[in-house]
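Per numbering that gives the first Met the number 0, the sequence shown starts with residue 0, numbered consecutively.
C-beta atoms are modelled at their ideal positions from N, C-alpha and C, and glycine is treated no differently.
Being a predicted model, the structure only gives us computed values, none of them experimental.
First up is the structure itself, then whatever we jot down about it.
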Amino acid sequence: MRHIILILTAILLTASPVAEAAKRGAGWEQVMTQEGVAVERKTVPGSPLFAFRGEGVFDLPIGKLVTVLKAAEIASEWVDLMLEHKVVRVVEPDKNLIYESYGLPWPIDDRDYVMYETMGYDAAQKVFTIDYKSVEDTALPPKKGFVRAVAFQTYWRLEKISDTQTKIEVEVHTDPKGALPAWLINLIQKDWPWKTISGLVKRAAKPDIQVDPRVADW
């Protein structure tokens, strides 16, 4: 049973989160706190699926976390079951069209996403953001063997607290499509914020990660 839950978790939430911070507005309710990450959920009008968010403060400089979030070539090292993460083309400065795919054990179909990735740098507030939203693009039609999932929004916000501490926030609202019921998706998605933030922190702590030059003087 635990193996099945881990597989389904990877299906439901793969999108490797520029608007204001994810917690904008009312309606969030606390779910739990795990590994230093406070997790909340929110009802989304017109959708049977909850949005989930997580936040925590960690002992890492913001520049290293920015590096990991931006590095397509290492995304599969910390995003569970990822097969591919690539920038298809640069749309405009700090905005890319990206493709992601995820390999899952038989008989569960693999999932993929086509998204815009939009990055924001606020030097005055020392805040870095990435916003991912699904799009359709004729250069990337549905592929045989994959279910094209939808990321309504995955939103990351990093805020410098000090030279050695960063506040991390992530919000996610996705639909993996396929035949999975909404109640099961909601049950599993509640773990995604803390697991994903934990993965980011562990990868950014490795010695090969350097400070991103665009935030080095923050």
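Quick one: what's got a C-beta closer than 6 Å to residue i's C-beta in the same chain, skipping five residues either side?
| i | result |
| --- | --- |
| G35 | G55 |
| Y131 | A14, M114, E116, A150, T153 |
| S75 | M81 |
| A37 | E54 |
| K176 | V146, A148 |
| S197 | E34 |
Quick check: is the beta carbon of residue i nearer than 7 Å to any beta carbon in chain B?
| i | result |
| --- | --- |
| S100 | Here chain B cannot be found, since the structure has a single protein chain. |
Please name the residue, chosen from the options, that lies closest to residue i on a Cα-to-Cα basis.
| i | options | result |
| --- | --- | --- |
| K125 | L96, K142, I167 | I167 |
| V87 | L64, I107, E135 | E135 |
| H84 | R40, R110, T128, P212 | R110 |
| R40 | D207, W191, K205 | W191 |
| T102 | L82, R213, Y112, S75 | Just to set this straight, residue 102 is Gly in the shown sequence, not Thr. When only C-alpha atoms are compared, the closest one is L82. |
| I129 | A70, L139, G177, E76 | A70 |
| V171 | N185, W217, V65 | N185 |
| K159 | A123, P141, K94 | A123 |
| V169 | D121, D207, F127 | F127 |
For residue i, collect the residues of the same chain with a Cβ closer than 7 Å to its Cβ; drop the 5 residues on either side in sequence, then sort them by chain order.
| i | result |
| --- | --- |
| A215 | G62 |
| T42 | G26, F49 |
| K189 | V30, V38, R40, F51 |
| Q33 | W193 |
Below 8 Å on the Cβ atoms is my contact criterion, and I expect residue i with residue j to pass it. Report the Cβ-Cβ distance as a whole number of Å.
| i | j | result |
| --- | --- | --- |
| S133 | V149 | 5 Å |
| V96 | D174 | In the sequence as displayed, the identity of residue 96 is Leu instead of Val. So it is not a contact: roughly 20 Å between Cβ atoms. |
| L59 | A204 | 6 Å |
To the nearest angstrom, how far is it from the Cα of residue i to the Cα of residue j?
| i | j | result |
| --- | --- | --- |
| K143 | Q164 | 44 Å |
| S161 | E72 | 28 Å |
| G45 | K201 | 36 Å |
| G119 | E91 | 12 Å |
| A181 | D108 | 18 Å |
| F57 | D211 | 17 Å |
| M31 | W193 | 10 Å |
| T195 | R156 | 13 Å |
| S100 | Y112 | 6 Å |
| A138 | Q209 | 33 Å |
| R213 | K94 | 15 Å |
| P140 | L183 | 28 Å |
| D121 | V89 | 21 Å |
| K28 | Y98 | Here residue 28 turns out to be Glu, not Lys, going by the sequence shown. Looking at the two C-alpha atoms, the distance is approximately 32 Å. |
| W217 | D207 | 21 Å |
In chain order, what residues of the same chain have a beta carbon less than 8 Å from the beta carbon of residue i, not counting five sequence neighbours either side?
| i | result |
| --- | --- |
| L199 | L64, V67, L68, W77, I167 |
| A178 | none |
Would you say the beta carbon of residue i comes nearer than 6 Å to a heavy atom of the ligand NAD?
| i | result |
| --- | --- |
| K125 | Of the ligands one can find in the structure shown there are none, so the ligand NAD has no counterpart to examine. |
Please give me, in chain order, every unbroken run of the beta strand (DSSP E) with length at least 3 that falls completely inside the region 66 to 91.
81 to 91
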